[in-house]
Structures are given as C-alpha cells and as structure tokens.
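For what it's worth, numbering that gives the first Met the number 0 labels the leading residue of the sequence shown as 0, then goes sequentially.
In this text, a Cβ means the ideal position worked out from N, Cα and C, and glycines have one as well.
Since we're looking at a predicted model, the values are computed, not measured.
Notes for the one structure printed next.
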Amino acid sequence: MWQSARVTTTEAIDLLERFRAGKVSREKVLRAFQAAPVANLGFAQVDTHRALRKGFPEVIFGAGKTPEQVVKIAAKLLEHEQSVLVTRVTPEHAKAVRRRFKWAVHHETGRCLTLEKRPLPKRPGTIAVVCAGTSDLPVAEEAAITADIMGNRVVRIADVGVAGVHRLFGRLDTIQAANVIIVVAGMEGALPSVVAGLVSKPVIAVPTSIGYGASFGGLAPLLGMLNSCGSGVTVVNIDNGFGAGYAASQINALAEAAAARRP
C-alpha cells in the first residue's frame, strides 16, 4: 500500500511508526513521500496530499463544475480520505453525488455536501457561529458545516443582529465561552464590532451580500468590518463562510495543541 502516491496523515504516521519499528524499509518510506501527490483527472489535478499538509483533504468548490466532475473528484478523494466537503452545490450536484454515494448529506441551506466514512473526533472547545439575520443563514451555515466536518464542536446562534441587540445579550455566555467566534452579517455589517467589544477571543467577520442598493452586493458591510473599532476582528471575503469556518478550525486546533502542552 505504501507504493501509492496518496498518503494521508494517518497513513504517514502509521508508516513512520512501522519504519521506526523496523517493519517497513527505508525505500518504501521514500517512495511514499517522493511520488507526485497529484491525481490527474484531465479536467482536474486532485491534490492528494492536502490532508497531509493541512490536516483536512482538498475541498471541492462546486460552482462552475458539472455534476459529473464533482462526482469524479469526490470519488478520487474518497479512495484514501475519510471525509469530503463540497461547497456551493446546486440540487443537480447533490442529486448526482447522492446517486453515487447514497450516504452523502446535502445541507440545502448551506449549499454544501458532506461525505463522511468516519467523522473526525471533535476537539475540545467550541466555535460559535453568530448570524445577524435569517437572510444571512446560507453563509453562516456554510461556515458551521465547514468547521463541523473538520472536527470542531459548533454552536449556532441565529438572528441576533443589531436591530434588536438585546437578543445577542441573551446568548452572551455561550459566545464568550467559545474559542473562536464567527460573526456573519449583511446590511451595514455592524454586528462583528459589537461582538468583538464583548469577548476576549478571536472574531472572524463575514460580510454577506444581503442588503438594499447602497449595500453594493456586500461591499458596504465588508468596508465596515475592515474599519471595525473592535479589537481582534479579522475579515474574510464577501459571502465566504467556508473561509471563515476553515480559519476558525485552524485557530481551535492551535488552542487544543496549546492546552495539551500545559503541565
């Protein structure tokens, strides 16, 4: 099995342990790590070492891909991976993937597909996904699904925008207990600044394209978040729930590693 170019993190650890125990030759170890970590599908070059470098496999961005392309990429990843995430999917994508993999889960609100042979164990600590309005839920769900499949406990808090800020205060204990807070908002994008002033944890702000004309498709909340007076606010691109969920997972993983090193 070690002659394959596709080595997952689990396989790499097992391989190195077997080498240390004298059960695998040095040549097999070298072959496993030196081979090009790419599966050429013609229309896609699948990065089969992404999990080894990043801790999670390559994520499939469904927009612009045909259902057949998404199925083939997912199938290639699942040859060696336990989990696959597909974002920005259409019902046609979901139908094609579920025809091939009946156990795939279609998250309609978040426009995602998750395929898990064996879910990752959940690390300690939580990631809070705070959503300003119900209209922002598709982006918030994308963030929550991303963080969840990457092995995090996710708490969802919806419809607590600044038009009724007292709703936020009722969930403040939960938000303050999280290791990372993702705040999703459209319109003027004020909610991340409010949250940042109430917590001591990193805040990842996600502007959405929800709003009226002068929102300029999310540009107004993006600029508002970039100019936040709240300390500790990092901003991702408009509607980029995936990017926020991924970054939050990496931060939470660092928190877990730091806690493990404490005496």
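Is residue i helix, strand or coil when you go by DSSP?
i: L76; result: helix
i: Q249; result: helix
i: S214; result: helix
i: G244; result: helix
i: Q81; result: coil
i: A135; result: The question names Ala, but residue 135 in the sequence shown is Asp. Helix, per DSSP.
i: R25; result: helix
i: F60; result: strand
i: P206; result: strand
i: I181; result: strand
i: L112; result: strand
i: T233; result: strand
i: R117; result: coil
i: T145; result: helix
i: A4; result: The predicted model places A4 with a pLDDT of 44, which falls under 50 and marks its position as unreliable; any figure quoted below should be read in that light. Correct three-state label for A4: coil.
Of all the CB atoms in chain C, is at least one closer than 8 Å to the CB of residue i?
i: D238; result: Protein chain content of the structure displayed is limited to a single chain, and chain C is not contained in it.
In the DSSP assignment, find the unbroken beta strand (DSSP E) run with residue i in it and report its ends.
i: T173; result: Where T173 is concerned, there is no enclosing beta strand (DSSP E), although the alpha helix (DSSP H) it sits in stretches over L171 to A176.
i: H105; result: V104 to H106
i: L40; result: Counting along the chain, L40 falls outside any beta strand (DSSP E), and DSSP gives it neither H nor E.
i: L51; result: From DSSP, L51 is part of no beta strand (DSSP E) but of the alpha helix (DSSP H) over R49 to K53.
i: A127; result: T125 to C130
i: V154; result: R152 to I156
Taking Cβ to Cβ, would you say residue i is nearer than 8 Å to residue j?
i: A142; j: V183; result: yes
i: V161; j: V128; result: no
i: G217; j: I237; result: yes
i: D158; j: T207; result: no
i: N226; j: N151; result: no
i: R87; j: A62; result: yes
i: I327; j: I181; result: In the structure as shown, the chain begins at 0 and stops at 262. Residue 327 is therefore absent and cannot be evaluated.
i: G229; j: A256; result: no
i: G188; j: G223; result: yes
i: A259; j: V179; result: no
i: A95; j: P66; result: yes
i: L77; j: A131; result: no
i: M186; j: I156; result: no
i: R97; j: A103; result: yes
i: T108; j: E140; result: yes
i: V205; j: V138; result: yes
i: L14; j: V23; result: yes
i: A93; j: H79; result: no
i: G124; j: A254; result: yes
With respect to the alpha helix (DSSP H) encompassing residue i, which residues constitute its N-terminal and C-terminal limits?
i: V194; result: L190 to A195
i: R98; result: P90 to R99
i: R166; result: H165 to F168
Which whole-angstrom value is the C-beta distance of residue i and residue j, which I expect to be below 8 Å?
i: V69; j: V85; result: 6 Å
i: G231; j: P201; result: 6 Å
i: L112; j: I72; result: In fact, because the Cβ distance is near 12 Å, the residues do not count as touching under 8 Å.
i: R117; j: Q175; result: Contact flag wrong, Cβ pair sits at about 33 Å.
i: L221; j: V193; result: Contact flag wrong, Cβ pair sits at about 17 Å.
i: K75; j: A38; result: 5 Å
i: V83; j: L119; result: Not a contact, Cβ separation roughly 12 Å.
i: G242; j: V235; result: 4 Å
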